[in-house]
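Colleague:
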Amino acid sequence: GENVEQHPSTLSVQEGDSAVIKCTYSDSASNYFPWYKQELGKGPQLIIDIRSNVGEKKDQRIAVTLNKTAKHFSLHITETQPEDSAVYFCAARSNTGKLIFGQGTTLQVKP
Amino acid sequence: EAQVTQNPRYLITVTGKKLTVTCSQNMNHEYMSWYRQDPGLGLRQIYYSMNVEVTDKGDVPEGYKVSRKEKRNFPLILESPSPNQTSLYFCASSRGGTGGLNEQFFGPGTRLTVL
Chain C
904 GENVEQHPST LSVQEGDSAV IKCTYSDSAS NYFPWYKQEL GKGPQLIIDI RSNVGEKKDQ
964 RIAVTLNKTA KHFSLHITET QPEDSAVYFC AARSNTGKLI FGQGTTLQVK P
Chain G
17 EAQVTQNPRY LITVTGKKLT VTCSQNMNHE YMSWYRQDPG LGLRQIYYSM NVEVTDKGDV
77 PEGYKVSRKE KRNFPLILES PSPNQTSLYF CASSRGGTGG LNEQFFGPGT RLTVL
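Protein chains in written order, with our numbering: chain C, 904 to 1014; chain G, 17 to 131.
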């Protein structure tokens, strides 16, 4: 069935370093790939997304890359700050129209 | 303020006692959805609704019911809760009927414990 694998499950970096979270998806017809950030005690919130006709998208310190051939996409956060600490979820829109979420990555940015 | 609200935020109940978690959005969104979040499993969709009176099963619908009588409300009903339904629940909404191509706005979550 449709599946999204996300790695790593936990990631700890020093403030100022970069963080990379990777996801692979199974449905080659997937055409939309959002990333959500979930802060403690809150619901997930969209931070960036990419559609299948684009290879890379950047918004200030965050960027997402998509490799359709390999069916994987990644979130890159540069110059990490303590407020970046949160759980991050990738997702892929399947050909049935549903969003399939990854398992989540807990990012800790140490001051 | 545009938002999705859920009530209650926390609930402890016992096996078999029917409960309802309410969800309401003020953004006039067509699409609404319920997810459960469990450690190591991410967010899994329970039910979704593309518009009023239109609902469908997600990936883990067993033991749950929903209704969509009004556009703004999408309650989640557990007729006979069991301990394996202990989880963190999120309601979400988005504009458009498919929900998969537009930003989903999530509520603050409901932490449910079934003893």
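We put the beta carbon where it would ideally sit given N, CA and C, even for glycine.
On a predicted model such as this, the values are computed, not experimentally measured, just so you know.
Report whether the distance from the Cβ of R996/C to the nearest heavy atom of the ligand MN is below 7 Å.
Modeller: As for the ligand MN, it is missing from this structure, which has no ligand bound.
Colleague: Against chain C, does Q61/G count as a neighbour if the rule is that its beta carbon must be under 8 Å from one of theirs?
Modeller: Q61/G counts as touching chain C.
Colleague: Do you know how far the Cα of S96/G is from the Cα of T1008/C?
Modeller: If you take the alpha carbons of T1008/C and S96/G, they lie about 33 Å apart.
Colleague: What number of angstroms, rounded off, separates the C-alpha of S931/C from the C-alpha of V923/C?
Modeller: Their backbone Cα atoms lie some 23 Å apart in a straight line.
Colleague: With H, G and I counted as helix, E and B as strand and the rest as coil, what does DSSP make of Q1006/C?
Modeller: Reduced to three states, the DSSP call for Q1006/C is coil.
Colleague: Measure the alpha-carbon distance for S977/C versus R954/C and round it to whole angstroms.
Modeller: S977/C and R954/C: Cα-Cα distance of roughly 13 Å.
Colleague: Against G1007/C, what residues of chain G qualify as contacts under a CB-to-CB distance less than 9 Å, listed in chain order?
Modeller: Those within 9 Å of G1007/C in chain G are Q53, P55, G56, L57, G58 and L59.
Colleague: Rounded to a whole number of angstroms, what is the C-alpha to C-alpha distance between H975/C and P911/C?
Modeller: Using only the alpha carbons, I get a separation of about 14 Å.
Colleague: Just checking my contact of L59/G with F121/G at CB under 8 Å: how many whole Å lie between their CB atoms?
Modeller: No, L59/G and F121/G are not in contact; Cβ-Cβ is about 14 Å, not under 8 Å.
Colleague: Using the DSSP secondary-structure output, state which residues sit across from K925/C in a beta bridge.
Modeller: Its beta-bridge partners are H910/C and S977/C.
Colleague: What are the residues that DSSP puts in a beta bridge with G58/G?
Modeller: Paired residues: D54/G.
Colleague: Using a 10 Å radius around the Cβ and a threshold of 16 neighbouring Cβ atoms, would you call R844/C buried or exposed?
Modeller: Past the edges of chain C, shown from 904 to 1014, lies residue 844/C, and the structure says nothing about it.
Colleague: Does DSSP put E95/G in a helix, in a strand, or in coil?
Modeller: Coil at E95/G, not helix or strand.
Colleague: Within this structure, are the beta carbons of A994/C and F936/C separated by less than 8 Å?
Modeller: Result yes, Cβ atoms of A994/C and F936/C sit closer than 8 Å.
Colleague: Assign N998/C to buried or exposed, taking buried as 16 or more other Cβ atoms, counted over all protein chains shown, within 10 Å of its Cβ.
Modeller: N998/C should be labelled exposed.
Colleague: On the DSSP letters alone, give me the boundaries of the beta strand (DSSP E) that S103/G sits inside.
Modeller: Unbroken beta strand (DSSP E) run through S103/G: S103 to S110.
Colleague: Could you pull out every residue in the same chain whose Cβ sits closer than 7 Å to the Cβ of T102/G, ignoring the five residues on either side in sequence?
Modeller: Cβ within range, chain order: L128, T129 and V130.
Colleague: Could you list which residues in chain C have their beta carbon closer than 8 Å to that of E119/G, in chain order?
Modeller: The answer, in chain order, is P937, L949 and D952.
Colleague: Does chain C have any CB closer than 8 Å to the CB of G125/G?
Modeller: With 8 Å as the cut-off, G125/G counts as an interface residue toward chain C.
Colleague: How is D987/C classed by DSSP in three states: helix, strand or coil?
Modeller: D987/C falls in the helix class under three-state DSSP.
Colleague: Can you pull the chain C neighbours of F106/G, defined as C-beta to C-beta under 8 Å?
Modeller: Those within 8 Å of F106/G in chain C are G946 and P947.
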